């Protein structure tokens, strides 16, 4: 994660860890170079969230989401 800019974010939702790792596999150019880092477990995700966001995360929702998801 030192070869370029980093955009840290937290994804949450049903099977978020599993889904994120699928994106890595689908778009990686090589085994050693991933398009994104993804935690390998929920437990590690919790540790990494605390590392990257020591003051906590910001809760955000789109107003449009109420129209999309019922």
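Residue numbers (the numbering used here): 8 to 77.
We put the beta carbon where it would ideally sit given N, CA and C, even for glycine.
Predicted model only: the values in this text are computed from it and were never measured.
Problem set entry | Cβ contact check for the region 13-20 and the region 40-60: 3 or more pairs under 8 Å | With a cut-off of 8 Å on Cβ pairs, the region 13-20 is in contact with the region 40-60, counting three or more such pairs.
Problem set entry | Among 59, 69 and 23, nearest to residue 14 - alpha-carbon criterion | Of the candidates 59, 69 and 23, the one whose C-alpha sits nearest the C-alpha of residue 14 is 59.
For this session: Look at the alpha carbon of residue 54 and the alpha carbon of residue 65, and state the distance between them as a whole number of angstroms.
Result: Distance between the alpha carbons of residue 54 and residue 65 is about 17 Å.
Problem set entry | Straight-line Cα distance separating residue 62 from residue 27 | It is roughly 23 Å from the alpha-carbon of residue 27 to the alpha-carbon of residue 62.
For this session: Pull up the distance between the alpha-carbon of residue 72 and that of residue 10, whole angstroms please.
Result: As the crow flies, the alpha-carbon of residue 72 is around 35 Å from that of residue 10.
For this session: Give me the Cα-Cα distance between residue 57 and residue 75, rounded to the nearest whole angstrom.
Result: Cα to Cα, residue 57 sits roughly 31 Å from residue 75.
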